[in-house]
Amino acid sequence: MPEADTSTPKGLPENPPGHLPENLPESAGETAPAPTGYGPVFAVPEFRALFVAHAFSLLGLVVAEITLSVLVYDLTGSPLLSALTFALGFLPYLIGGTLLSGVADRFPARRVLVVCDLVCAGCVAVMVVPGTPIAVLLVMRAALALIGPVFQGTRTATLADVLGDGELFVLGRSLLRIVSQGALLAGFGAGGLLLTVVSPRRALLVTVCTFLLSAVLLRFGTRRRPARAGRGRSLVRGSLGGARRILGDRRTLVLLLLFWVPPMFAVVPEALAAPYADGIGAGSAGLGLLMCALPVGTIAGELFAGSRLRPATRNRLTLPLVCVTLLPYVGYALRPGLGWSVALLVLAGAGSAYTLGLDQWFVRAVPDELLGRAMTLNSAGLMTVQGVGMALSGAVAEFAGARATVVGAGVLGTVVCAGLAVAARRTGRDAGAGAEGAGPGAVEEARTPAAAGADTETRDGADHDVTGR
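Offset between the sequence shown (1-based) and my numbering: plus 629.
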């Protein structure tokens, strides 16, 4: 793979042997434990802006999803069209993530983020207009999904600029994922409550406001940074060329598959929650518990790994967790009741904490000038494979039943994930990541927070007045 742009070096090793902070005596360095927890991440002003903006926009998007599906059903009485509004949240991701990924690198990141938020606000504003045809509503929903991977990829690449590619980046990514899972739990509930007091079109105004608030936070809470790459080729050619370079490198391809494959199998119980709940006589309350179990487990796993485990420990656990995260689904073969089914799903969700180690390996494996495109491609692929996983699970369940389909997902998914873990270990060694196969995070160079700040200073030039830093 081509090396990163030398104008934005990865910096010095994060914890080189014998290195001590200047303000600590040698004896303190020998005994002081490495810091853990999320506190240092929130100490970075730009991250706080990114974090709050993410919470606003994501909450608004979840409210829009449930509100729009209700609106379409009210206008048409068609379950198919109502379900299509959800499907349109997955399908365009693949297009946006491949053909438009170059946007993340060829324009300044802050401009991309703000424009994406404003365009999304405009799309939802069109939905609010009384008399908007169904076809237009669906097109606007597809447009939101088309923009989604570009926004997410650009934001993640910006996170690496703000926090470096070391421990702070890992914890920052973890916090954004926690917010995403929390938004799923809170957003659907808030959307349902909102629809009891206002009409669907008025409820969509909430989403317009959240996108606008996100745009304001990103514009005035983050610095202007130059584009990562030039504009020598057309947008589509640049996007596809970047995707070819990313997918053509064996190391980054394996890491992307580790991001994509476990979630493709993990969504099976969620996709089949309704028929499974009906089969065990759990009722609507039981269905709600089954739908919430995976997000709750994911949040718990992320919080524990981020706040209690040291970086080296998370690196060592990454590949073992990949291999076992889907094993709880095999427990469905024992015909568990509601309580045990929920416990199995919570346990499987907690296993997704493997992504904390994977995040750092990936950001260090990708050249800086491709980082935005790589993150965009990652987001697009993740959404696409989850949609594929849901569709395939429904098709299989038609013949095998919901319980057997979940068990099959656990068995087949575990086998595939174990194979990917072996490939990741091998490519990690080939890349000089160490005999333990812990990936680049074990020994590769990383930007310390101080080094990341210095690097940002040189790239930002004199534009330091945006956040007062």
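Note that the Cβ used here is the ideal one computed from N, Cα and C, for glycine as well.
If you're wondering where the values come from, they're calculated on a predicted model, not measured in any experiment.
The beta carbons of R735 and G867 sit closer together than 8 Å.
Under the three-state reduction of DSSP, P898 is assigned to helix. L679 sits away from L747, with the two beta carbons spaced by 8 Å or more. Pairing T984 with G760, the inter-Cα distance amounts to about 44 Å. For T1005, the closest C-alpha among the options L729, V681, G666, E694 is that of L729. A distance below 6 Å between beta-carbons, with the five flanking residues on each side excluded, links M1012 to the following residues of its chain, in chain order: F719, Y722. Annotated three-state conformation of F933 is helix, per DSSP.
In the three-state DSSP reduction, S686 falls in the helix class (H, G or I). F840 carries a helical assignment under DSSP once its states are collapsed to helix, strand and coil.
Between L742 and R784, the C-beta gap is smaller than 8 Å, which places the two residues in contact.
Restricting attention to I776, Y961, V1025, the CA atom closest to the CA of T727 is found in I776. By the criterion of at least three beta-carbon pairs nearer than 8 Å, the stretch 981-999 is in contact with the stretch 945-957.
If you compare the alpha carbons of R937, I807, L955, V845 with that of V1044, the shortest gap goes to L955.
Counting the other CB atoms within 10 Å of its CB gives L923 a total of 16 or more, which places it among the buried residues.
Using a 10 angstroms sphere on the CB of W969, the tally of other CB atoms stays under 16, which defines it as exposed.
For the 8 Å CB-CB criterion, R802 and L999 do not form a contact. Taking 8 Å as the upper bound for CB-CB distance, L834 and V691 are not in contact here, some 15 Å apart.
Approximately 11 Å separates the beta-carbon atoms of A1038 and V890; this is outside 8 Å, ruling out the contact. By alpha-carbon distance to V699, the top candidate from A1020, E1027, A738, L824 is L824. Between L974 and A911, the gap from beta carbon to beta carbon reaches 8 Å or more.
Looking from the CA of G795, the closest CA among V744, M1019, V670 belongs to V670.
For I724, the enclosing alpha helix (DSSP H) starts and ends at 720-728. Annotation: the continuous alpha helix (DSSP H) that includes P940 extends over 940-953.
G926 and A750 have their alpha carbons spaced roughly 32 Å apart.
Around the beta carbon of R1032, 16 or more other beta carbons lie within 10 angstroms, which makes this residue buried. 8 Å or more divides the Cβ of V808 from the Cβ of A672.
P855 is classed as exposed because its beta carbon has fewer than 16 other beta carbons within 10 Å across all chains shown.
Take the alpha-carbon of V799 and the one of I928: they are about 15 Å apart.
Excluding residues up to 5 positions away in sequence, V897, L901, S1022, V1025, A1026 lie with their Cβ nearer than 7 Å to the Cβ of T1034 in the same chain. For T1034, the secondary structure class from DSSP, reduced to helix, strand or coil, is helix.
A residue is called buried when at least 16 other Cβ atoms come within 10 angstroms of its Cβ; F780 meets this threshold and is buried.
In the structure shown, G870 falls within a helical segment according to DSSP collapsed to helix, strand and coil.
In the three-state reduction of the DSSP assignment, P996 falls in the coil class, being assigned neither a helical nor a strand state.
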